[in-house]
Structures are given as structure tokens and as C-alpha cells.
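**Q** Its first residue numbered -6, the sequence shown is counted upward by one per residue in the numbering used here.
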Amino acid sequence: MSRPLEGKLTIVTGASRGIGASIAEHMATKGCHLILCYTSASSQQGAEELAQRLKAEQNIRTFIVKADLSTPTGASELVAAAKAEFEKDGKFQIDIIINNAGVAFNDKLPEIKVADFDITYKVNVLGPLLLVQAAQPYLPTDRSGRIVNLSSVSAGCGFVGQSVYGGTKAALEAMTRTWARELAENCTVNAINPGPVLTEMYARNTDEFKRLIKPFIEHTPLMKARQGVDADEIVEDAKTSGGRPAYCHEVAGIVSMLCLPDAAWCTDNMSEDLFDDALTIEDDLYKRGYNQGYEDGERAGKIEGRSFGLAKGFEKFAESGRLYGRAVVWANRLPSAAATAGIGSEGKQQAPSKMPPLPDNARLTKNIESVHALMEPATLPTENSDDAVQDFDDRFKRRRERLGS
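1) Looking only at its chain, what residues have a beta carbon closer than 6 Å to the beta carbon of K76, apart from the 5 residues adjacent to it on each side?
2) With burial defined as no fewer than 16 other Cβ atoms inside 10 Å of the residue's Cβ, what is the status of W172: buried or exposed?
3) What is the DSSP secondary structure of G138, counted as helix, strand or coil?
4) Let's see if you can read the secondary structure: which residues bound the alpha helix (DSSP H) around A184?
5) Whose CA, out of I53, L47 and A73, lies closest to the CA of K59?
6) Taking buried to mean at least 16 other C-beta atoms within 10 Å of its own C-beta, is P103 buried or exposed?
7) Mind checking who Y31 pairs with in its DSSP beta bridge?
8) Use the C-beta contact count for K101: other C-beta atoms within 10 angstroms, 16 or more gives buried, fewer gives exposed.
9) Between which two residues does the beta strand (DSSP E) containing T6 stretch?
10) By a C-beta neighbour count over all protein chains shown, 10 Å radius and 16 as the cutoff for buried, is V157 buried or exposed?
11) May I ask you to verify whether the stretch 217 to 224 touches the stretch 251 to 262, counting CB pairs closer than 8 Å and requiring at least 3?
12) Quick one, are the C-beta atoms of A94 and L47 less than 8 Å apart?
13) By DSSP, does K217 sit in helix, in strand, or in coil?
14) So, at 6 Å on beta carbons, what are the nonlocal neighbours of S15 in its own chain, with the 5 sequence-adjacent residues on each side left out?
15) Name, in chain order, the residues that DSSP records as bridge partners for L143.
16) Can you name the start and end residues of the alpha helix (DSSP H) that I105 belongs to?
17) Nearest-angstrom Cα distance between K390 and V322?
18) Output yes or no for whether 8 Å exceeds the beta carbon distance between L122 and M194.
19) Under 8 Å Cβ to Cβ from R174, same chain only, skipping five residues before and after it: list those, please.
20) Taking the alpha carbon of I53 as the reference point, which residue from P65, Y31 and G24 has its own alpha carbon closest?
21) Provide the residue span of the alpha helix (DSSP H) that contains I16, from first to last.
22) Use the C-beta contact count for Q155: other C-beta atoms within 10 angstroms, 16 or more gives buried, fewer gives exposed.
23) How many angstroms separate the CA atom of Q220 from the CA atom of S(-5)?
24) Would you mind sorting G0 into buried or exposed? The rule is 16 or more other CB atoms within 10 Å of its CB.
25) Report the rounded CA-to-CA distance for V107 versus L119, giving the unit in angstroms.
26) Leaving aside the five residues before and after G151 along the sequence, list all residues of the same chain whose C-beta is less than 6 Å from its C-beta, in chain order.
27) Just to check my reading of the structure: T161 and N117 have Cβ atoms closer than 8 Å, yes? What is that Cβ distance to the nearest angstrom?
28) What do you get for V153, buried or exposed, if any count of 16 or more other CB atoms within 10 angstroms of its CB means buried?
29) Spatial neighbours of E70 within its chain, please: CB distance less than 7 Å, with the 5 preceding and 5 following residues excluded, ordered by chain position.
30) Is it right to say S338 is buried, meaning 16 or more other beta carbons lie within 10 angstroms of its own, or is it exposed?
31) With DSSP collapsed to three states, give me the class of A257.
32) What separation, rounded to the nearest whole angstrom, lies between the Cα atoms of F56 and I112?
33) What are the boundary residues of the alpha helix (DSSP H) that I210 is part of?
34) Out of curiosity, what's the CA-to-CA distance linking A21 and D289?
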């Protein structure tokens, strides 16, 4: 049975245990030859046993290298050792790099130590940078290479006590974006944010920190602990932390997936943990509710405004029609209308009126003509607007003033 990554040379840092060891196992099952990097003497036995087992089980070549990637020369020494072991007929190529090694010191601001800051940035940021720099001359030139960086949700969640660790992971993500562009003709470059993972690092978390992340874990369906499926201690721990951490093999599966040929169109990606957005979920829900309420209120206001405008308009035109109608009738009852043509409903001349004439009064004649002119439809605004209503009110006011003069 063919394997999708048969013969690909892969470097895995921090490979002696935890996530790194699981990644090595997954890559081995896909046919990769492995360079397993470890740092301390205490990790040597684990690295050796893993290398021997994978070599026997998967029929691959394995090579372990002790290298301190926090030093200026550690990465170049690692690449040089790999080249010496795997170069053949003057050809040497590094197909895949998994930057997994990392350290964490969780302290609040008053307790942060310069030494801890220094080593954390050297291991988590400088180490990956120098390794990619040293490996760049040996990367593929056909875009088939892969680099996967192990980041963390701490880069964006702002967990209390993770000023330093979160800062290093944010820096790693920034480099991921840059490398995806600079190395586009060589390889894809991605980072994953796995969230809490069942490792020695996770086991060192205090109950205070677990209570802090509990609301975020509770919003992640896959992190629900299952009685009878997860270990009893995991189920018990979930009462404090809100759920179970990811298992190393689950994270390794994501990493190996990003290394497959099928992932060739995926680069510059930050694969975030499912509960990453939980940090701002309350604000997001409030904002959505506020915006929806604002839109509904605005819509209701417009409907109410239209209803009010229609009512005002109806009152305006009903009153203007009544006044105009009266003005026409009164005009045709003026003494002059009995002998001359009257004024019609559209301002046109009509036959002499036969209605009972009004008393011969100059002031009455003047006021009737004023009402007719003010209410004349050709000059009265008919649009449904505040200006039209104001125009009518002004005409009405002038009519009163004229009638009172």
C-alpha cells in the first residue's frame, strides 16, 4: 500500500514526547523519514526509543539529533547533522519542518522574570526562525514543501499570566504569515492553535488557571469529557477545567493533514481552536443584539413616521379641501357673481351664479378671495413631508391674519 509522503524527509523539534512524539508517529505512518530533535539529556532515551520503534514498525529511516535551538548555532548544527546523515550523491532536501518545541512560564506581571522572558522568546520564536533560515537552501523548489508551526490560542485570548508565552506565539504567527509569502515557491507555511492538550505542560497548569479557561472550554463541544470513554481522572479534572484537553494524537492528525499533497492550496493559515472566539462571545452577542435592536427600532420609527405623516397629510388635505370648497361657494355668492361669471372649482369661468347672494361687503369679498388663493390646489404642496405641512400651517395662519384685518 502506497503512503502519501513516502520518502519525504521531515524534521520534528521537541520530538521526544508529547505532541512532538505523536506527530512523529503520524508522519512515519505516511512514509516520512524522520529527524527527531531533542534538547536535554533527560529526553535522549525517549527520543532513541521512539526512533527505534518507528524505524522497525514503519520501515523508515530515523535519526535523532540533540540540539539546543535557543542558541544562535543550534539550528544550523541540526541541519548540518541531518545533511551529513541523509545527503546522497551530493543531493539533500528537507521536505517538511514541524516547529513543535516550546516552553512556557505563566506569571502575572509582578512576577515575570527577565531570564524567563529571554529563554521563552529564544525557544519559541528565535528557534523556529533560525531553523527555517538554516533549512531554506535545502527546501524543495516546486512548492511541495511543508512547514507547520505549533502556535497557541494564547496568542489571541489574553489569558491572565501569559504575557510572555502569549507574546511568543503571536510572534510565531506573524512569522508564519511572512514565511508563507517569502517561501511561496518552496513550501506552504501554516500554524495551528490546538488549545489545551494533555501534555506535561498542561499538567503543570494550576487550578486557578484551569478555572480561568473553564468558560472557554465549556463553549467547545468536542472538549466535553465523556464518562466511560475518557479516563476517570480526565472526567474528574473536567469539573474544574470545564472539559477535557485535546489528546496528542488528535493534534498530530491535524499537523500531518497539513503536510499532505492535498493541502497544497492551504498556506498562511492560523488553524484556531474551536473555543478561541469564546473570549469575546458575550461582547459579540451584545453587539449583535444592540445592532438588531437598533435596526428594528429604526424600522419601527420609519413605519410610525409614515403613519404619522399620512395622518397629518390626510388632515391637511381634508381641511384644505373643505376651505377651498367653501371659498368657491362663497365666491359664487358674491353680489358680483350674480351678474358676472363665477369662479369654478378649477379656477375656470362659469355661467352667472343663481345661488342666494351674500351681503355687499368689501371686506367679505376680500377675505373670500384670499381664502380661495391660499387654498388653490395648483399652488398647495401635495407631497407627504414636513415642509408641506408647514406650508399649509403658514397659509392657514395668513388666512386668519387676513380675515382678522
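The beta-carbon is built from N, C-alpha and C at its ideal position, and this holds for glycine as well.
**A** According to the data block:
1) F85
2) buried
3) strand
4) Unbroken run through A184 is the beta strand (DSSP E), C180 to I185; no alpha helix (DSSP H).
5) A73
6) exposed
7) K59
8) exposed
9) L2 to T6
10) buried
11) no
12) no
13) coil
14) C241, H242 and A245
15) I185
16) Per DSSP, I105 belongs to no alpha helix (DSSP H) and is neither H nor E.
17) 21 Å
18) no
19) D261
20) G24
21) G11 to T22
22) buried
23) 38 Å
24) exposed
25) 16 Å
26) none
27) 4 Å
28) exposed
29) A60
30) Here S338 scores only 49 on pLDDT, less than 50, and its place in the model should not be relied on; the value that follows carries that caveat. Counting Cβ neighbours within 10 Å, S338 comes out exposed, since fewer than 16 surround it.
31) coil
32) 26 Å
33) D200 to I210
34) 57 Å
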